[in-house]
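Asker: Structure incoming, see below.
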Amino acid sequence: MDSVIRMEITDNTFARQFETTVEEGLVSVEYSFQERKIFLTKINVPESFENEEFISSFLKNIMEIATERKFKVVPILPKIVVFFKKNPIYKELLPPGIRL
Numbered sequence: 001m002d003s004v005i006r007m008e009i010t011d012n013t014f015a016r017q018f019e020t021t022v023e024e025g026l027v028s029v030e031y032s033f034q035e036r037k038i039f040l041t042k043i044n045v046p047e048s049f050e051n052e053e054f055i056s057s058f059l060k061n062i063m064e065i066a067t068e069r070k071f072k073v074v075p076i077l078p079k080i081v082v083f084f085k086k087n088p089i090y091k092e093l094l095p096p097g098i099r100l
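Heads up: the sequence shown at position 81 corresponds to 81 in full-length UniProt numbering, and the numbers run straight through without jumps.
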């Protein structure tokens, strides 16, 4: 299992996104809430940013936040579905009935 890069993540509740800053600009994952579920809907990265390992670590940090807050995670974006498939340790965060 690869290591998780520790980073400062801001939960911008007004914009409904988790944010972190990289040299190239702002990286964010948009979300929406319904009951105790968080729906991850979109990843925004600067045009010149292509660090997939960083995105994976960013998502792992978001999974830790979801675990702390006792949220279930619903991956809407195909890229996030792929993240769950590559990291089965986080499948416990999926709500009942969600199969990947």
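Think of the CB as a built atom: it goes at the ideal place given N, C-alpha and C, for glycine as much as any other residue.
Bear in mind the structure is a predicted one, so any value in this text is a computation, not a measurement.
#1: How long is the line joining the alpha carbons of D11 and F18, rounded to whole angstroms?
#2: Inspect the CB distances between the segment 18 to 27 and the segment 41 to 56 and report whether three or more fall short of 8 Å.
#3: Could you tell me the boundaries of the beta strand (DSSP E) in which E53 lies?
#4: How many angstroms separate the CA atom of I38 from the CA atom of P46?
#5: With a CB to CB cut of under 6 Å and the five nearest residues on each side skipped, what residues in its chain are close to L59?
Answerer: Working from what's here:
#1: For the purposes of this step, residue 11 is taken as the residue at position 11 of the sequence shown. For the purposes of this step, residue 18 is taken as the residue at position 18 of the sequence shown. Roughly 5 Å between the two C-alpha positions.
#2: With the cut-off at 8 Å, the segment 18 to 27 and the segment 41 to 56 touch.
#3: Translated into positions along the sequence shown, residue 53 becomes position 53. Where E53 is concerned, there is no enclosing beta strand (DSSP E), although the alpha helix (DSSP H) it sits in stretches over 52 to 68.
#4: Within the sequence shown, the letter at position 38 stands for residue 38. Within the sequence shown, the letter at position 46 stands for residue 46. Going from the Cα of I38 to the Cα of P46 covers about 24 Å.
#5: Here the question's residue 59 lines up with position 59 in the sequence shown. Taken in chain order, the residues that qualify are F83.
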